[in-house]
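Asker: First the structure, which I've put down as structure tokens, then a few questions once you've had a look.
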Amino acid sequence: MNTTTPGTGRHRRRAKGLAIGLPLAVVAAGSMAYGGAFGVFGEDARPHAAAAAPAWATEAADGFASVNALGQNGTYGGRGGRTVTVRTLADLEKYATAPEPYVIVVAAAITVQPVGKEIRVASDKTIVGAGTSGHIVGGGFFLGQGVHNVIIRNLTVRDSYQGVWNDKEHDFDAIQMDGAHHVWIDHNDLRRTADGLIDVRKDSTYVTVSWNRLSQANKAFGIGWTTNVKTDITVHHNWIRETEQRNPSTDNAAHAHLYNNYLQDEPGTAVTSSYGNYARGRTRMVLENSYFEGVRNPVTRDATAALVQRGNVFSRTSGRNESGGTAFDPKAYYPYALDRGADVPAVVKAGAGPRGSIGTTPAGGTAATAAGSAAAGAATTLTVAKDGSGRYTSVQKAVDAVPAGNTARVVISIAPGTYRETVRIPANKRHVTLRGSGSSRRDTVIVYGNASGTPRPDGSGTYGTGGSATVAVEADDVQLRNLTVRNDFDEARNQHVDGHQAVALRTAADKIVLDGLIVDGDQDTLLLDTAAKERLGRVYVRNSYVSGNVDFVFGRATAVIDQSVLTLKKRWNGTSAGYVTAPSTAAGRRGLLINRSVIEGDVTPGSFFLGRPWHAGGDASLDPQTTVRDSRLSAAIKTKPWTDMGGFSWKGDRFAEYGNTGPGAAGAGTTDRPELTPAQAADQEVADWLAGWRPTTF
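Here's what the structure looks like:
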């Protein structure tokens, strides 16, 4: 992008342009919401009325909960049953205890009476919170002997605490299971209970506990309490903090697979951990790529237990850190992908806890109707593999094979490998998904090294900023998933080149989903554009890493970056200085929204701006917008995080923050650092940006 275009300053302020939709609560620590008064179900939904099940609410489990055993083929909860929305304890109990399958959407804060009561849950149930509004207050859930196929997701379960820290009198848990099997506990916020936050007891097995926040309790998570060795359990991507013991404590588990968890003992709080992960009795545990920060006795094992460690990170820990014996290979039971241990704090903070409505479908609709006519039929799949085992050996060849004007979804499945090529999806090839088939987004890499000033091979000049993209998406309703897209232009070796802007990924279309990506570059990494100034271009980025240094998220699209990590990089010469965003938003449109994400990097403190206004071509009619909200900002962010560009003052455009945390968030709410009011923030939610579009992945 041109960083030197001259222009004149701005002096006007504009009124709100877009009509707002129902606000969304969003991913805690990177979570998401199901739609403000639950527009997915209708504001006046009754407990007895059937409603369309959100796609997100009907997913199946991973880990040991996905294993076919004990007559149960994985864990999918109430999928296939009716969907009901509940707002009272009586209705919640009615459907939770029913013999038939249900997807039960909790759409209010439900106070449990008497305090400490654990709501009994029968088999074949999904209990899911509507956005961040689904709370169970003063009680919890109980899954008894033989109960199976249960999913508990997206809920906050809290406040049964009775004032005694190590309470021996009250067995008030957030979630307790005694002899249950095939249970998935996912994306919940569990806190302040009288006893354990989670208890998996009495040979409960085939359990997965993932992406939860566990905090503010004496006992976090207990597993076992039986002399039998039957429990198979997966525990991954949980954020455990301000808890003293059972983090978790795993007693006589046959197979305990713990990976990518973040255990944090924050200094200066009233709570000090006594131990972290504990393998007791005859447990066999595999502990991988987790991050322990400030925890005493981070890894403990009994002499009778087997505990294999690999890839874990320990920061400011003390005391016992043990391993020994032979455990098992988790991949013999199910597939999984590891995040790097060093990335875990950012990934888990950005992703754990209740999330939101993205991925849901309108009332009465399905994932197919939500995606439009392209999803009406079964998707065609084209395979790509470097070794010739796929139908094509390059990604572009597979794109070329998609018929112009196609009306049905085409999935291009790309095998692991490094594909050194540029890829362009032209405007006449809509409904395409590029999807890596590996177990990790790092397995499948599309990479090239053009820059703005790189000469074209045909002698027709240089590529320009947009033309430098490794992957260019010009068609509507396109998705990229589980991939790495990189521009590896070497600035140090190409100082003679005039124009170092080097785009990894460019979008210039509407309804684009970027899910589970790594987008890596330096200057101008991710260009989120539209097909024309007057055209709407909505982009939804989630669960992704984007890295760079100068204006590395930029353009005029209406774009949400949700539950993601923005990594700040040093310049080619080792210096630290840069800008995260450079929006060039048209007047009357939404710009860039960074939501429930993490912005950090190994750079000098106070060296990066959050953004600056890009008036492309000196166009004074533009009204650039960046909002950064509910995100964690590292010390790399300047105390005055917005700056001018090309003669245009940032104060004449739309730059603001709301609810950010971390050392880089200090000082918000001043003239030089605008903070939205709660009323203004309600007009700047994910739903407002997406304007009726509910992305569904393929």
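To get the working numbering, take the position in the sequence shown, counting from 1, and add 421. All C-beta atoms, glycine included, are put in the ideal place defined by N, C-alpha and C.
Among the residues of its own chain, which have a CB less than 6 Å from the CB of ARG1075, if the five just before and after it don't count?
Answerer: If we look at ARG1075 and ignore the five residues flanking it on each side, its Cβ neighbours are GLN1046.
Asker: Measuring only the C-alpha atoms, how far is PRO1026 from ALA1056?
Answerer: Distance between the alpha carbons of PRO1026 and ALA1056 is about 5 Å.
Asker: Among the residues of its own chain, which have a CB less than 7 Å from the CB of TRP1114, if the five just before and after it don't count?
Answerer: Within the same chain, TRP1114 has close Cβ partners LYS932, ARG959.
Asker: Would you mind listing the alpha helix (DSSP H) stretches within the region 699 to 736 that are 4+ residues and don't spill past its ends, in chain order?
Answerer: Runs of the alpha helix (DSSP H) inside the region 699 to 736: none found.
Asker: Smallest Cα separation from MET598: which of ASN827, THR1098, ALA543?
Answerer: Measuring from the Cα of MET598, the nearest candidate turns out to be ALA543.
Asker: At the level of alpha carbons, what is the spacing between THR1091 and LEU1031?
Answerer: Cα to Cα, THR1091 sits roughly 15 Å from LEU1031.
Asker: Drop a sphere of 10 angstroms on the beta-carbon of ALA1087, count the other beta-carbons inside from all chains shown, and report buried for 16 or more, exposed for fewer.
Answerer: Exposed, because fewer than 16 other Cβ atoms sit within 10 Å of the Cβ of ALA1087.
Asker: Which residue comes first and which comes last in the alpha helix (DSSP H) that contains TRP605?
Answerer: Not the alpha helix (DSSP H): TRP605 falls in the beta strand (DSSP E), residues 602 to 607.
Asker: The beta strand (DSSP E) spanning TYR523 covers which residue range?
Answerer: Segment 523 to 527, the beta strand (DSSP E) holding TYR523.
Asker: In whole angstroms, what separates the C-alpha of VAL578 from that of GLY561?
Answerer: Using only the alpha carbons, I get a separation of about 7 Å.
Asker: Rounded to a whole number of angstroms, what is the C-alpha to C-alpha distance between LEU576 and LEU904?
Answerer: Using only the alpha carbons, I get a separation of about 30 Å.
Asker: For the beta strand (DSSP E) holding TYR869, just list the boundary residues, first then last.
Answerer: Segment 865 to 869, the beta strand (DSSP E) holding TYR869.
Asker: For TRP993 and THR883, I'd like the C-alpha separation in whole angstroms.
Answerer: Near 22 Å, if we compare the C-alpha coordinates of THR883 and TRP993.
Asker: So if DSSP puts LYS660 in a beta bridge, which residue, or which two residues, is it bridged to?
Answerer: Checking the sequence shown, residue 660 turns out to be Trp, not Lys. According to DSSP, TRP660 bridges with ARG634, TYR683.
Asker: Assign VAL461 to one of three DSSP states: helix, strand, or coil.
Answerer: Model confidence at VAL461 stands at a pLDDT of 25, short of 50, so the residue's coordinates are unreliable and nothing is read from them.
Asker: Would you call PRO719 buried or exposed, if buried means 16 or more other Cβ atoms sit within 10 Å of its Cβ?
Answerer: Buried, since its Cβ has 16 or more Cβ neighbours within 10 Å.
Asker: For LYS546, does the three-state DSSP call read helix, strand or coil?
Answerer: Reduced to three states, the DSSP call for LYS546 is strand.
Asker: Can you tell me which of the three DSSP states TRP1110 falls into?
Answerer: Helix at TRP1110.
Asker: So if DSSP puts SER670 in a beta bridge, which residue, or which two residues, is it bridged to?
Answerer: Paired residue(s): GLY643, TYR699.
Asker: Can you tell me which of PHE485, LEU611, ILE1020, LEU935 puts its alpha carbon nearest to the alpha carbon of THR496?
Answerer: Considering only alpha carbons, the answer is PHE485.
Asker: Candidates PHE975, ALA1108, SER636, ASN733: which alpha carbon is nearest THR375's?
Answerer: Because the chain spans 422 through 1119 in this model, residue 375 falls outside it and cannot be assessed.
Asker: With H, G and I counted as helix, E and B as strand and the rest as coil, what does DSSP make of TYR516?
Answerer: In this structure, TYR516 counts as helix in the three-state DSSP scheme.
Asker: What are the partner residues of GLY838, as DSSP defines its beta bridges?
Answerer: GLY838 pairs with THR865.
Asker: In the DSSP output, which residue or residues are listed as bridge partners for ASN970?
Answerer: For ASN970, which the question treats as bridged, DSSP gives no partner whatsoever.
Asker: What's the C-alpha gap between ALA978 and ASP1065?
Answerer: Cα to Cα, ALA978 sits roughly 20 Å from ASP1065.
Asker: Taking C-alpha atoms, which residue in LYS954, GLU955, LYS990 lies nearest to THR946?
Answerer: Of the listed residues, the one whose Cα sits closest to THR946 is LYS990.
Asker: Could you tell me which residues DSSP pairs with PHE1030 in its beta bridges?
Answerer: BP columns for PHE1030 point to TYR1000.
Asker: Indicate the three-state DSSP secondary structure (helix, strand or coil) for THR652 in the structure shown.
Answerer: Strand, per DSSP.
Asker: For VAL658, which of ASN639, LEU684, LEU611, ALA677 has the nearest alpha-carbon?
Answerer: Checking the sequence shown, residue 658 turns out to be His, not Val. Here the closest residue by C-alpha is LEU684.
Asker: Among GLU714, PRO756, LYS752, ASP760, which residue has its Cα nearest to the Cα of GLY740?
Answerer: Minimum Cα distance to GLY740 is reached at GLU714.
Asker: Pick out the complete alpha helix (DSSP H) segments inside the region 1044 to 1114, 4 residues or longer, and give them in chain order.
Answerer: Within the region 1044 to 1114, the complete alpha helix (DSSP H) runs of at least 4 residues are 1099 to 1102, 1107 to 1111.
Asker: In terms of residue numbering, what span does the alpha helix (DSSP H) encompassing GLN817 cover?
Answerer: 816 to 822 is the span of the alpha helix (DSSP H), which, as asked, contains GLN817.
Asker: Taking 6 Å as the limit between beta carbons, can you name the residues of its chain near GLY798, skipping five residues before and five after?
Answerer: Because the pLDDT at GLY798 is just 39, under 50, the model does not fix this residue reliably, and the point stays unresolved.
Asker: Beta-carbon separation of ALA872 and PRO847 under 9 Å?
Answerer: No. Outside cutoff.
Asker: Check each candidate in ILE540, GLY565, ASP821 and name the one with the smallest Cα separation from GLY559.
Answerer: Of the listed residues, the one whose Cα sits closest to GLY559 is ILE540.
Asker: SER985 and VAL1001: beta carbons closer than 9 Å?
Answerer: In this structure, VAL1001 does not lie closer than 9 Å to SER985 by Cβ.
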